[in-house]
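Asks:
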Amino acid sequence: MILHTDYSIDSERIYAMGMSNGGFMTNRVACEMSDVIAAAAPVAGVLFESYSLETPHPLGWTKADDFVCAPENRIPILHTHNRMDNIVPFAGSSGVFEDDVSLFDDINLIDWWGAQTLKGMGFPSVRESIEKWRKLNHVKDSGKVVTTSNNNTVCTLYSEPVEGKDDDFAPVELCVINSKEAVGHCWPGQAGQAAFGQCLNEDVDNSYIWQFFTKHKRNGRKAKGKAGFGFGGEGEELKE
Numbered sequence: 207m208i209l210h211t212d213y214s215i216d217s218e219r220i221y222a223m224g225m226s227n228g229g230f231m232t233n234r235v236a237c238e239m240s241d242v243i244a245a246a247a248p249v250a251g252v253l254f255e256s257y258s259l260e261t262p263h264p265l266g267w268t269k270a271d272d273f274v275c276a277p278e279n280r281i282p283i284l285h286t287h288n289r290m291d292n293i294v295p296f297a298g299s300s301g302v303f304e305d306d307v308s309l310f311d312d313i314n315l316i317d318w319w320g321a322q323t324l325k326g327m328g329f330p331s332v333r334e335s336i337e338k339w340r341k342l343n344h345v346k347d348s349g350k351v352v353t354t355s356n357n358n359t360v361c362t363l364y365s366e367p368v369e370g371k372d373d374d375f376a377p378v379e380l381c382v383i384n385s386k387e388a389v390g391h392c393w394p395g396q397a398g399q400a401a402f403g404q405c406l407n408e409d410v411d412n413s414y415i416w417q418f419f420t421k422h423k424r425n426g427r428k429a430k431g432k433a434g435f436g437f438g439g440e441g442e443e444l445k446e
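Right under this line is the structure:
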C-alpha cells in the first residue's frame with residue numbers, strides 16, 4: 207500500500223468501516239481483503255453476493271457481476287442497523303416500489319432519491335447477512351445478548367466456535383436500534399435530524415466501534431487490552 211511508504215502503519219491493525227453504500231463496500235472488503243484487514247464494521251449495509259437490478263435503472267446504473275464471499279481468513283464483524291431504516295430496510299428489499307413512494311413526509315428530494323435508488327434493486331435482510339457471516343466465521347447461532355443503557359439498542363454477539371473450529375473462528379456482533387421514534391438511515395450515535403430521517407444519540411457510536419476494533423489483530427490474534435464484548439464489563443487483560 208502507498209500509505210505504508212509515507213506513514214508508520216501497523217499492518218496487523220487495519221480496519222474497514224462504512225455506512226450505507228460504504229456498509230455494502232465494507233462487507234465486500236471483508237470478503238475479498240481478509241489478508242489485509244483485521245476487522246470490519248458495516249453500518250446500514252448488508253452482505254449480498256448477487257442482486258437484482260431493473261434495466262434500465264432510473265439512475266442509469268448497470269449491474270455489477272455477482273461474486274462469492276469466500277474470505278481466506280475469519281474476519282470479526284460488527285454490524286449496526288436501525289430496525290426502522292427505510293433506505294436499506296432491515297428486512298431486506300425486493301426492489302419493488304411504487305413510482306410515488308414516500309419514504310419521508312418532509313424531505314421530498316430524499317423521497318425521490320431513495321425511491322429511485324432502491325427501485326429495481328433487491329438485497330437480503332440484515333438477519334440473512336449476519337447468518338452468512340456467522341457461517342463464514344465458524345461461530346454458533348447461540349448469541350450473547352447485551353442491551354444498551356437506554357434500552358433502544360440490542361447487541362447480540364456470536365462468538366462460540368462450532369465444533370472443530372476452535373483455532374479458526376471470529377466473532378460476529380449485530381447491534382439493532384429498535385426505537386420507533388427514529389426511522390433514520392444514519393451513523394451510530396448521530397443525534398437530531400439527519401438527511402435520511404430522525405436519528406438517536408445511541409450508545410453504539412464511534413467509541414463503541416473503535417472499542418471493537420482494538421480487540422482484534424489480523425489473522426485472529428487478540429490485540430492487547432481488556433477482554434469482553436458489549437457494554438459494561440472489561441474482563442481480564444489480554445496477552446499477546
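Counting the sequence shown from 1 gives a position; the working numbering is that position plus 206.
Cβ atoms here follow ideal geometry from the backbone N, Cα and C, with glycine treated the same way.
Computed from a prediction, not measured in an experiment: that's the story for all the values here.
So, is Y278 buried or exposed, given that buried needs 16 or more other C-beta atoms within 10 angstroms?
Replies: Within the sequence shown, the letter at position 72 stands for residue 278. According to the sequence shown, residue 278 is Glu rather than Tyr. When all chains shown are included, E278 counts as exposed.
Asks: In terms of alpha-carbon separation, which member of M223, P295, L284 and P330 lies closest to E255?
Replies: Position 49 of the sequence shown, counted from the start, is the residue given in the question as residue 255. Comparing Cα-Cα distances from E255 to each of M223, P295, L284 and P330, the minimum goes to P330.
Asks: Using the rule of at least 16 other Cβ atoms within 10 Å of the residue's Cβ for burial, across every protein chain shown, is A250 buried or exposed?
Replies: Position 44 of the sequence shown, counting from 1, holds the residue named residue 250. Counting Cβ neighbours within 10 Å, A250 comes out buried, since at least 16 surround it.
Asks: Does the beta-carbon of T211 have 16 or more other beta-carbons within 10 angstroms, so that it is buried, or is it exposed?
Replies: Reading the sequence shown from its first residue, position 5 is the one you call residue 211. Result: exposed.
Asks: Rounded to the nearest angstrom, what separates V307 and A245 at their Cα positions?
Replies: Your numbering for residue 307 matches position 101 in the sequence shown. Your numbering for residue 245 matches position 39 in the sequence shown. Model confidence at V307 stands at a pLDDT of 39, short of 50, so the residue's coordinates are unreliable; what they give is reported in the following sentence. Going by the C-alpha atoms only, they are around 37 Å apart.
Asks: Select from R424, P282, L380 and N233 the residue whose C-alpha is nearest the C-alpha of T353.
Replies: Here residue 353 is taken as the residue at index 147 of the sequence shown, counted from 1. Per the Cα distances, L380.
Asks: Where in the region 337-382 do unbroken runs of the beta strand (DSSP E), each at least 3 residues long, occur, reported from the N-terminal end onward?
Replies: As far as the region 337-382 is concerned, its whole beta strand (DSSP E) runs of at least 3 residues are 350-353 and 359-364.
Asks: CB I383 to CB T362, shorter than 7 Å?
Replies: Taking the sequence shown and counting its residues from 1, the one referred to as residue 383 is at position 177. Taking the sequence shown and counting its residues from 1, the one referred to as residue 362 is at position 156. It is not a contact, given that the beta carbons lie outside the stated cut-off.
Asks: From M223 to R234, what does the alpha carbon distance come to, in whole angstroms?
Replies: Here residue 223 refers to the residue found at position 17 of the sequence shown. Here residue 234 refers to the residue found at position 28 of the sequence shown. Those two C-alpha atoms are separated by around 11 Å.
Asks: Quick check on Q404: does DSSP put it in helix, strand or coil?
Replies: By one-based count along the sequence shown, residue 404 stands at place 198. Strand, per DSSP.
Asks: Should D311 be labelled buried (16 or more other beta-carbon atoms within 10 Å of its own) or exposed?
Replies: Locating residue 311 in the sequence shown gives position 105, counting from the first residue. Low local confidence applies: a pLDDT of 41 at D311 is under 50, so the model's placement there is unreliable, and no value is given.
Asks: Quick one: measure Cβ to Cβ for H175 and N288, integer angstroms, because I've assumed they're closer than 8 Å.
Replies: With the chain running from 207 to 446 in the structure shown, residue 175 is simply not present.
Asks: Quick one: Cα of P377 to Cα of Q404, how far?
Replies: Here residue 377 corresponds to residue number 171 of the sequence shown, with the count starting at 1. Here residue 404 corresponds to residue number 198 of the sequence shown, with the count starting at 1. Distance between the alpha carbons of P377 and Q404: 30 Å.
Asks: Distance check for T420 and G349, CA to CA, integer angstroms please.
Replies: As a first step, residue 349 must be located in the sequence shown, where it is residue number 143. As a first step, residue 420 must be located in the sequence shown, where it is residue number 214. Answer to the nearest angstrom: the Cα atoms are 21 Å apart.
Asks: What residue range is occupied by the uninterrupted beta strand (DSSP E) comprising A247?
Replies: Within the sequence shown, the letter at position 41 stands for residue 247. Residues A245 to V249.
Asks: Let me check one thing: in DSSP terms, what residues is G224 bridge-paired to?
Replies: For the purposes of this step, residue 224 is identified with residue 18 of the sequence shown, where counting begins at 1. In the DSSP output, where bridge partners are listed per residue, G224 has P248.
Asks: Suppose contacts are defined by Cβ-Cβ distances below 7 Å. Is I220 in contact with V242 by that definition?
Replies: On the sequence shown, position 14 is the one that residue 220 refers to. On the sequence shown, position 36 is the one that residue 242 refers to. Their beta carbons are under 7 Å apart, which means I220 touches V242 by this criterion.
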